[in-house]
Amino acid sequence: MIKIKILLKKFYMNDTKQVAKDLLGKTLVRKIGTQILSGVITETEAYKGENDPASHASRKKTERNKIMFSEVGIAYVYFTYGMHYCFNVVAKKKNDKAGAVLIRAIQPQQGINHMIKNRKTDIISNLTNGPGKLTQAMQITLKQYNHDLTKKSSLFIIDGEKPNKIIAKPRVGIKIGVDKLWNFSYKI
DNA sequence: TCGCAGATTGCCT
DNA sequence: GGCAATCTGCGAA
C-alpha cells in the first residue's frame, strides 16, 4: 500500500530551479470522472521572472502570465503554436516575483488505455514524452488554468521517490536564454 | 534515419 | 502582423 501524500505549498515555496529538480520522480494525478490517469514526472524545465529572458514573465505582467506572479502550487496552462497546451506549476521563493516549472514529460502509470484513446496512438513511449503530448493524453486544457495542485481534486501531484541521477541540459524550444542549463531529466 | 515545413490560435509589439 | 516553452508527417538520402 503506497501512502498518498500530496505535495503542499511549502514544497513549491522554493527556488524555481530547485523545485524543478525536486519534481522529478513525483507523480502527476488526473481524475476524469471515475477514471484515474497518472504518470511519474521525468522531465521539467524552470522558468523564472525578470532575469530570465526566455520566460513569459520576463517582460511584464499580463493577463496570461499573471498567475506566475501569484500563489505557488497552482497550474499555469497556456496555449501555443495554435494547437498545443503546456502545463506548468507555479513555484518560487517567497521574495521572487515570478516563476514556474514546465512539466515536459511523464511516464504513464494508471489509465494508459485512456491516454491511448486521447492520443490516438498505441506507442507507449510516444504517449506523454513532450509538453504538448502529455496535456493531450491527460486532457489538460485552459480549464485547469489556475487550478490548485495542493488539494486532492481532479488534478494534483503526489510525493514519490527521488531519482539519483539528474541530468541538466539547456531548455528546449526557445531562442534566448539557452546558456542556462535549466532543463532537468533523469535516467530510469 | 534525419531534417524541415505545415498546422492553427492567441498573444505581444 | 509576426511569432510562439510543439508535434507530426513527408520527402530526401
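Numbering (my numbering), first residue to last: 2 to 189.
C-beta: ideal position from N, C-alpha, C; glycine also.
A quick note: this is a predicted structure, and the numbers were derived from the prediction, not measured.
Helix, strand or coil: which one does DSSP assign to residue i?
| i | result |
| --- | --- |
| H57 | coil |
| P109 | strand |
| G100 | strand |
| A92 | coil |
| H115 | helix |
Measure the Cβ-Cβ separation of residue i and residue j and say whether it is below 7 Å.
| i | j | result |
| --- | --- | --- |
| A106 | G50 | no |
| M116 | L128 | yes |
| Q145 | S39 | no |
| E46 | S186 | no |
| L29 | I42 | yes |
| K163 | G26 | yes |
For residue i, which residues in the same chain have their Cβ closer than 7 Å to its Cβ, ignoring the five residues on either side in sequence?
| i | result |
| --- | --- |
| L150 | G74, I75, A76, V90, L156, F157, I158 |
| Q137 | N119, R120 |
Within the same chain, show all residues whose beta-carbon is closer than 6 Å to that of residue i, passing over the 5 residues directly before and after it, in chain order.
| i | result |
| --- | --- |
| K32 | S155 |
| H85 | G133 |
| T17 | A47, K49, A92, K93, G100 |
| R172 | E46, W183, N184 |
Taking DSSP's pairing of strands, which residues face residue i in a bridge?
| i | result |
| --- | --- |
| G50 | Note: G50 sits in no beta bridge, so no partner. |
Out of the options, state which residue places its alpha-carbon closest to the alpha-carbon of residue i.
| i | options | result |
| --- | --- | --- |
| V78 | L135, S39, S126, N52 | L135 |
| G178 | K27, A55, T35, Y13 | A55 |
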